[in-house]
Structures are given as structure tokens and as C-alpha cells.
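Chains F and Z, in that order, are what the protein sequence lines are. Last residue of the first sequence? That's 395 in my numbering, and every number before it is there in order. Last residue of the second sequence? That's 395 in my numbering, and every number before it is there in order. To keep things clear, I will list the structure first and then write my remarks on it.
Protein chains: 2
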Amino acid sequence: MHPDFSFHLIGTDGAARAGEIATAHGIVRTPAFMPVGTQATIKGVRAADVRAGGADIVLGNTYHLMLRPGAERIAALGGLHRFMNWPFPILTDSGGFQVMSLSQLRKLDESGVTFRSHVDGAMVALSPERAVEVQNLLGADIVMQLDECLKLPATREEIERAMRLSLRWAERCKRAFEGAGPGRALFGIVQGGDDTALRLESARALVDIGFPGYAIGGLAVGEPQDVMLRVIDETAPALPADRPRYLMGVGTPEDLLEAVARGVDMFDCVLPTRNGRHGLAFTRFGAINLRNARHAADPRPLDETSPCDAAHSYSRAYLHHLVRVNEMLGAMLLSEINLAYYQELMAGMRGAIGAGRFAAFRVAIREGWERGDIAPVAV
Amino acid sequence: MHPDFSFHLIGTDGAARAGEIATAHGIVRTPAFMPVGTQATIKGVRAADVRAGGADIVLGNTYHLMLRPGAERIAALGGLHRFMNWPFPILTDSGGFQVMSLSQLRKLDESGVTFRSHVDGAMVALSPERAVEVQNLLGADIVMQLDECLKLPATREEIERAMRLSLRWAERCKRAFEGAGPGRALFGIVQGGDDTALRLESARALVDIGFPGYAIGGLAVGEPQDVMLRVIDETAPALPADRPRYLMGVGTPEDLLEAVARGVDMFDCVLPTRNGRHGLAFTRFGAINLRNARHAADPRPLDETSPCDAAHSYSRAYLHHLVRVNEMLGAMLLSEINLAYYQELMAGMRGAIGAGRFAAFRVAIREGWERGDIAPVAV
């Protein structure tokens, strides 16, 4: 095991970076994609299959887990790793984003946020200190500070106020995290919306406080992709080169490729599993909607060169059938296929960066997507 | 592979029998439980995991598959085995039972049954000849005759009429099945409701026609268990000892134990997967409802001695959580646990029959169920 939390860069290629994060529960190869396990399960995929698909780390949601089954309950059962049968690294978010997006009747002030539980209607308080305590109870390897996450567009005043509040909460989280066990780390979160000056102010202030890793938050909340990429372009260089950079809640395969090209190391997103449940597959040839009738008689697998069993062992006709008749197995197989594709993409990027050919890799991957799905054979 | 269909008895113990059925796709050890793959998938469980759980054979539903994706479609894709990624034996029912239980606006006469598809509203005809043709297109190793299956209670006149019609359809199915490939077999179905004389007449007439296996149909359709067991007691001895006997649509673990004690060799039932989707586990200690709050803090696995990974690798608290928050993984794990328990029970019965200690096995199994679930430890 790896008692000390650390990050080291293995190689860079332009702004893109390949590295390794060491945690109490093992190594995370970066750039890394973290499947989302909101309620202590990656929806529709067993933990062993998430691992077999190539994941080094998964994400858990503080908001959901503190409501059900409760952080103290999970701690009494030995922590989140044991609870969900995932003995590898786990990052937990702080709950802030879900409080904003999921809960009604919330009250936000300097002390933190109070919201009505969607489960039983009880009022629940989440302060920076409680957010850290909950994540400590869960036993996360990487803990996120509590922040205020706005939907874009928002006024500059709103963005500035939320960013400054998030900075004060960052300091409180850092104090609350002092004395945490070895191999664990607290990350700060850069806010500032789409405003360059505010983003830079946030990044510099966080670096002054000092964290072993930094997230870029408040993106993928409704803004166009070019705005997101511009903010990354402006923010990433303001973060220390020797610390991992995590772009929260992002994104599509194209988002990942473009963000890695701009120096991001970590990602999480529900898209692979959510789209899998809706019949959509991510592949080397772009997204494929298995619900489409053109697959009904197609005997070919989704991608015969994929290392993922589900991608090469079942015909498109079978996947189409499962999706059309709404069988659970369709959601299971497509979620697994999508997670495996995301991990294959990350592994490809890591290899390309290590070999100094990231630019060519990026072009080739884009060509595959743009070429689109292979034409069906006549049957 | 086994080009000729055959059945041989390995041992008997009282009326209970252990044997082996050889088919074109491999061996079925009896007594056998067949997981139900209604729409070309055992709900929530991958085919490889159904196999790993101990299944030798699965059941497919003619009614559902002829409507979606269609028997001709599956045949063009290489047959049901390839379609659902299950290269082992498959039995298909004739569609008769589902026509009676699922479809509206049906018309039944000597020629067969016509019904309105629940998928697109089209009128669909199912004759004895078409039922065999569909099952041949699917490529089933064991094909069932078309029969008329009544709900009990019914009048003696109704039962007699349906039984006689089913006999005439049995002859037509046998003619339609002539020339089928090697390693495949057509089974006749004994009808006659809860009437002893009609059951015996049906059994004798079917034996006169001559089939490589016989099913007892029209049970588990609303009658009490003692009526079902009496009918098996009366019917099984009228069937040839050297042919497998299949009790259709049955049942609970107790039903299986009691029916094997009465000379039945094969079973199918949706209970393990349906109950798994509803949070109910079958175990050595009876049925356990994981939704119950007493499991919420219980760190013990469901059954630490089970060979099934899902039964010994996850805490009851975790399974409870998954069921309560309605996560797919709960249905997946409990379906797998239940299928594995059913197969463990069948393997136990086969071993006990072979060793001449079935009576003691039956007592011990019943004691486990009656003892009930182990008390939770204090946490």
C-alpha cells in the first residue's frame, strides 16, 4: 500500500500530462476517469466489472450517502470501500453541487447550507466542517472542500460572492481535515464562473492556502463547450504543475480529450452509465444509438476490437432487442461498454502522452469519431 | 458434443431420481432447475453468471420471442443460443400458456389459437405446427408441444375438453417435429387439471403417441400446493421411468424438494429472479426480505458458506441499502444469489439421491428453512 498521498508526473506533451497519484488504497494513473457511484454503486455495474473495465478510482456522492444510508452508518460498517466492495481509491465530492441542484428549500449563509432532505423531508445542515467530517466517515482517499456552485449564466456579482465564500470555506475545510490519516488528501476547488479575473483570483488564493490537489468546479453547468475550454485554458496554468488537476462533472469523450490537451488530470461524469441506461453507446466511431431500427438485424458486435467482453460478444441486434424491450441486461451491458470505452480512451491518452505523440493521437481519435459508425452489412 | 438426445438414470432413491439428459448443446444434470429467459435474457443476470451459478439449461419463451424480435429474425442471426450468448442447452415453451395468461381477444379452436399481440395489436395465429416451427427457428434443444392450459378451478367438462384438444395437438406437433436435427427432442404435456382420471388418460394417451420426455402442465395455476402434489403423486408413476419428467412453471424451493421426492426431473420458474427484483432472497434459512429494517446495520453477508460471490461478498446492510434506494445492483445481486441458491439446492438433491440419502437430505433442508434466518448480531 501507499501510506503517503503523492502525485508525480511521468511525462508531459504540450500542456497534456501523464502521472500517478498514490493513495492509501492504491495508485491512480492520470489522466483518470472516475465512474460515478452516487449511492455507493456504479449504476448497473458490479464493482469487480468497473475494475475490470480499467477504473483505478471511483467517485461517491456525499449528499446522497449522508442521507441514505448515512455517513455514521457506513463508518460503523467499515467505511465506503468495504460497504460497496471497492478496495481501490475513492474520491468523494462535498455535497455542495447536489445541494444546489437537487434539494428544495435551501438556505445558504456564511456558516454553510441548510436543505430539506428529498428522502424524509428533514432539515439537514452542511457546513464546511461537516462536509469534511462526512467524507472522513466515508473514508474517502480524496476529499473535496465544500463550495458554492452556481448555474451559469450568473451575474459577475453573484459569481464573485460565491467564489469568495468558497475560498473562506476552503480554509475552514483545510483546518477540519488536519490530522486525517495517511494516504488521504483534501482538494481545493477553483470557482469564478466564466470570468477570467475571478478564476485567477480563486486559483491564486487556493494555492496560497495550499492543497495537494486542485479542482476546477462550476463548469459543465449549462455553458457552451468553448466557454468551458477557455476557462480551462486560463485556469490550468495558474495551478501548480506538481499537483493533480480535477475537472469536476465532465464530460463527453470529446470534453475529456480537449481538457487533457489543456492540462487536466482527473474527471468524473455520469454520462457513460446514464447514456448506457438510455440505449446509447460510446465507441471509437462516436456515439451509437442502439434503439435505432438499423441495428435490428445487424449480427456484428458493437466493436470487435474492444477489450470489453460486452462490446465484442453480443450482436448489435441483441443489444437493440434488449433496449427495445426494456430489459435490465441492456442497461447493464451498455453501461459496462461505455465505462470500458472511457477507460480505453484515458489509457490511450496516457500512452500517447508518455510517448510524446499526443497531438497525433488527438487527431486520430477525432477522425474516428467524425468518420462515424461503420455501415451495416446487408443481411 | 452429444449428437443424440438421450436420458439415462444415474440413480434412484424412493421415487426421487438423478440422471443426465444429453442434448446437441451439452448435458443437463437432473433434477434440473431452468432459469427463465423470457425475452432472450435471464432478467438482470448475464448469461456467463447464470452458467457460473450452476445452470445447465435455461428456458426461453416462444410467445415473447415470436413477437419480439421474431423467430425468423433470431434464426437469421444464428439461433437463440448465439443471440443470447448461451451456448448450452435451451428448452422453449410452446407459447400456449402465455397466450392464455397474457393476451386479450384470443380465439381458440381445433386449428390453434389466434390472439392480439400486446406489442403492436396485430392478430397472430399459433397452431401446433407453427409452435413447433417457431421453436425450430429458435433452435431449442427441447421443444414443447402446444397445449391448452386452463386456470384452476375449472369444470370437469372444461378440463376434459382442453385435455383432449391438447392430445390432438400433441399428435400434430409430433408430426411437425419429424426430421428435426440430432440432439433435439419434443416433449408432450400431460393435462387434466386436478382430476385424477383425466390426468391418467392424458398420460397414457401421450405415452401411446410416444415422446422422449413428458411434462406435467396446468399446475401452479392457482391451486393449493397439496392439490399440486397429489396430481404429481398420481401422474408421475404413469410416465415411463426412462424418460425425463418436467413440472412446468414450478416453483418455490419447497415445491422443488417435494416434487423431486415424487419423481420429477425438471423445473422452471421466474421466482428466483422476480423475487430478487423485489428484494427477497432465498437461502438455506428460508426466504429473507432485505427490505426489512433489521438488516440496515447488519455487517454479515447473506450466507457466508454460499459459493455465490454475491451471497458472501456483500453485507446485508449493503443489500438492504441497494433495495431501499432502488438501485439496479440490488436486483442484479439478489437475482444472482437466488439462482445460485436454487442450483445449490438441485445439486444437493442430485448428490443425496446418488448417495441414497435423499430422505435425510429432505429433512435437513426443511429444518434449515424452518429454523429461519440467523439472528442479527448486535451492532
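C-beta: ideal position from N, C-alpha, C; glycine also. All values derive from a computational prediction rather than experimental measurement.
According to DSSP, residues forming a beta bridge with residue i
{"i": "Z/LEU74", "result": "The residue asked about is misnamed: residue 74 of chain Z is Val in this sequence, not Leu. Beta-bridge pairing links Z/VAL74 to Z/ILE106."}
{"i": "F/LEU296", "result": "F/ASN305"}
{"i": "F/PHE377", "result": "Answer by DSSP bridge pairing: none, since F/PHE377 is not bridged."}
{"i": "F/ILE43", "result": "F/ALA38"}
{"i": "Z/CYS285", "result": "Z/PRO51"}
{"i": "Z/ILE158", "result": "Z/LEU107, Z/ALA201"}
{"i": "Z/PRO317", "result": "Z/SER331"}
{"i": "F/TYR358", "result": "For F/TYR358, which the question treats as bridged, DSSP gives no partner whatsoever."}
{"i": "F/THR171", "result": "None; F/THR171 has no bridge partner."}
{"i": "Z/THR28", "result": "Z/ARG33"}
{"i": "F/PHE23", "result": "F/ILE37"}
8 Å Cβ cutoff met for residue i and residue j
{"i": "F/GLY95", "j": "F/GLY370", "result": "no"}
{"i": "F/GLY204", "j": "F/LEU222", "result": "yes"}
{"i": "Z/VAL243", "j": "Z/ASP210", "result": "yes"}
{"i": "Z/VAL11", "j": "Z/PHE131", "result": "Residue 11 of chain Z lies beyond the range of chain Z shown here (17 to 395); nothing can be said about it."}
{"i": "F/HIS328", "j": "F/ASP319", "result": "yes"}
{"i": "F/ILE225", "j": "F/LYS190", "result": "yes"}
{"i": "Z/SER143", "j": "Z/SER127", "result": "yes"}
{"i": "Z/ARG246", "j": "Z/ALA252", "result": "no"}
{"i": "F/GLY60", "j": "F/MET82", "result": "no"}
{"i": "Z/CYS165", "j": "Z/GLY234", "result": "yes"}
{"i": "Z/GLY229", "j": "Z/GLY302", "result": "no"}
{"i": "Z/HIS337", "j": "F/PRO288", "result": "no"}
{"i": "Z/ASN212", "j": "Z/GLU250", "result": "As written in the sequence, residue 212 of chain Z is Thr, which differs from the Asn given in the question. Yes; because the gap between Cβ atoms is below 8 Å, this pair is in contact."}
{"i": "F/ASN152", "j": "F/ALA196", "result": "yes"}
{"i": "Z/GLY35", "j": "Z/ALA363", "result": "no"}
Assumed close pair residue i, residue j - CB separation to whole angstroms, cut-off 8 Å
{"i": "Z/ARG400", "j": "Z/GLY295", "result": "Outside the displayed range of chain Z (17 to 395) lies residue 400 of chain Z, so it cannot be described from this structure."}
{"i": "F/MET282", "j": "F/THR46", "result": "6 Å"}
{"i": "F/GLU352", "j": "F/ALA380", "result": "The pair is not a contact, with the Cβ atoms about 25 Å apart (cut-off 8 Å)."}
{"i": "F/LEU168", "j": "F/GLU239", "result": "5 Å"}
{"i": "F/LEU335", "j": "F/PRO269", "result": "About 19 Å separates the two Cβ atoms, so there is no contact after all."}
{"i": "Z/ILE43", "j": "Z/ASP72", "result": "7 Å"}
{"i": "F/LEU202", "j": "F/GLY208", "result": "In fact, because the Cβ distance is near 20 Å, the residues do not count as touching under 8 Å."}
{"i": "Z/ALA56", "j": "Z/PHE99", "result": "6 Å"}
{"i": "Z/ALA92", "j": "F/ALA313", "result": "7 Å"}
{"i": "Z/LEU263", "j": "Z/ILE248", "result": "7 Å"}
{"i": "F/LEU183", "j": "F/SER218", "result": "7 Å"}
{"i": "Z/VAL129", "j": "Z/TRP102", "result": "That belief does not hold up - the Cβ atoms of Z/VAL129 and Z/TRP102 are roughly 28 Å apart, past 8 Å."}
{"i": "F/ALA347", "j": "F/ARG382", "result": "Going by Cβ atoms, the distance from F/ALA347 to F/ARG382 rounds to 29 Å, so no, they are not a contact pair."}
{"i": "Z/VAL266", "j": "Z/MET365", "result": "Going by Cβ atoms, the distance from Z/VAL266 to Z/MET365 rounds to 14 Å, so no, they are not a contact pair."}
(request) Would you be able to state if there are at least three C-beta pairs under 8 Å between the stretch 356-364 of chain F and the stretch 46-57 of chain Z? (result) For the pair of segments examined, the stretch 46-57 of chain Z was found not to touch the stretch 356-364 of chain F: the number of CB pairs separated by less than 8 Å stays below three.
(message) So within the stretch 204-234 of chain Z, which uninterrupted alpha helix (DSSP H) runs reach at least 4 residues, ignoring any that extend past its ends?
(response) The stretch 204-234 of chain Z contains these whole alpha helix (DSSP H) runs: 212-225.
(message) For a minimum of 4 consecutive residues, which ranges assigned as the alpha helix (DSSP H) are wholly contained in the stretch 94-148 of chain Z?
(response) Listed in chain order, they are 96-99, 112-118.
(request) Would you check if the stretch 140-159 of chain Z and the stretch 69-78 of chain Z touch, i.e. whether three or more CB-CB distances between them fall below 8 Å? (result) Touching, yes, given that three or more Cβ pairs across the two stretches are closer than 8 Å.
(request) Decide if the stretch 140-151 of chain F is in contact with the stretch 160-168 of chain F; the criterion is three or more beta carbon pairs, one per stretch, under 8 Å apart. (result) Output reads yes: the stretch 160-168 of chain F touches the stretch 140-151 of chain F.
(request) Check whether the stretch 251-264 of chain F touches the stretch 25-40 of chain F, taking contact to mean three or more Cβ pairs, one atom from each stretch, closer than 8 Å. (result) Verdict: yes, contact present.
(request) Would you be able to state if there are at least three C-beta pairs under 8 Å between the stretch 164-173 of chain Z and the stretch 374-383 of chain F? (result) Verdict: no, contact absent.
(request) Spell out a yes or no on whether the stretch 30-45 of chain Z and the stretch 331-342 of chain Z are touching, meaning 3 or more CB-CB pairs, one atom from each, closer than 8 Å. (result) Judged by Cβ distances under 8 Å, the stretch 30-45 of chain Z makes no contact with the stretch 331-342 of chain Z, as fewer than three pairs qualify.
(request) Note down, one range per segment and in chain order, each beta strand (DSSP E) of at least 3 residues found wholly within the stretch 234-269 of chain F. (result) Segments of the beta strand (DSSP E) lying fully in the stretch 234-269 of chain F: 261-263.
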